[in-house]
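Input: a single structure, listed below in structure tokens.
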Amino acid sequence: MHNTTSLMEKLFLRNANDPEHGDQEISEKEDDIHEIMMLDYSFRKLSPMLKLRFEYASSWKNANLDQDWLSLKEISDIYNNDIAKEWISLRKENWSETPPESISASHCTLFALNPYEPEEAYLVWVEGNIEPQVWRYFGADYKMFFNLERFLEYLVGEREKDDTGRY
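The numbering of the sequence shown is the numbering used here, which starts it at 1 and goes up by one.
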């Protein structure tokens with residue numbers, strides 16, 4: 001089994017065994033898992049780790065910190081989602097030095113969102129890298145990880161720090 005899949009299974013079990021986590025729900029994978037929509041409506045081919053992520057679960061409600069990991073269909077429909085539009089707008093307005101405002105919309109997509117508070121995660125493609133970075137915002141802070149696997153390692157306690165270099 002690939003490490004990305006194994007880490008998602010660990011996260012699911014960790015959440016299930018945490019009485020304070022609340023209910024989580026994983027939806028079956030979608031039939032067409034080849035591309036993901038960027039904030040500018042363009043599409044990118046799924047990276048190997050993202051392909052595993054979407055094969056494991058289409059959407060994952062309450063995956064971490066009340067954030068719902070969106071399905072490819074939900075990502076393609078974010079501009080019809082009032083909460084997603086508001087959180088993206090607030091993030092751009094108040095965090096101009098970080099994604100999604102600091103980079104081209106053709107290199108960024110919404111990955112997860114908290115339906116109750118402006119806390120969300122983005123995938124950011126950096127030229128020359130196959131895997132996108134994960135930028136997760138919560139409260140008045142953020143974490144950045146070089147890829148999904150490093151993000152998952154952090155969520156399951158196998159990594160203590162993110163990749164921002166801010167300690």
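Glycine residues also receive a C-beta, built at the ideal position from the N, C-alpha and C atoms.
Given the structure is predicted, the values throughout are model-derived calculations rather than measurements.
In this structure, how does DSSP classify residue i when only helix, strand and coil are distinguished?
i    : result
R166 : coil
Y154 : helix
R159 : coil
F138 : strand
T5   : helix
E149 : helix
Quick check on the DSSP output: the beta strand (DSSP E) that includes residue i runs from which residue to which?
i    : result
K45  : F43 to K45
A84  : First-last for A84: D82 to N94, but that is the alpha helix (DSSP H), not the beta strand (DSSP E).
I78  : Taken as a continuous stretch (DSSP letters only), I78 belongs to no beta strand (DSSP E), as it is neither H nor E.
L113 : C108 to L113
Going by Cα to Cα distance, which pick from the options is closest to residue i?
i    : options                  : result
K143 : R166, E127 and G157      : R166
T109 : P48, D31, L155 and Y79   : Y79
E25  : N15, K51, V134 and L39   : N15
T164 : L155, D141 and E158      : D141
N62  : L46, E101, L72 and G22   : G22
V156 : L7, H2 and N3            : L7
E168 : S102, F12, H107 and L50  : Here the chain has residues from 1 to 167 only, and residue 168 is not among them.
Y122 : L52, M37 and S58         : M37
L65  : K85, K161, L152 and F138 : F138
What first and last residue would you give for the alpha helix (DSSP H) that runs through residue i?
i    : result
L52  : P48 to Y56
E120 : Here E120 belongs to no alpha helix (DSSP H); instead the beta strand (DSSP E) covers E120 to V124.
On the DSSP bridge list, what partners appear for residue i?
i    : result
I26  : W60
M144 : W135
D18  : None, per the DSSP bridge assignment.
D68  : L113
Mark residue i as exposed unless 16 or more other C-beta atoms lie within 10 angstroms of its C-beta, in which case mark it buried.
i    : result
V126 : exposed
P19  : exposed
Y116 : exposed
S96  : exposed
L13  : exposed
E93  : exposed
L113 : buried
When you compare the CB of residue i with every CB in chain D, is at least one pair closer than 7 Å?
i   : result
D40 : Among the protein chains of the structure shown there is no chain D, as only one such chain exists.
Any heavy atom of the ligand MG closer than 6 Å to the Cβ of residue i?
i   : result
E97 : Questions concerning the ligand MG fall outside what the structure shown contains, since it holds no ligand whatsoever.
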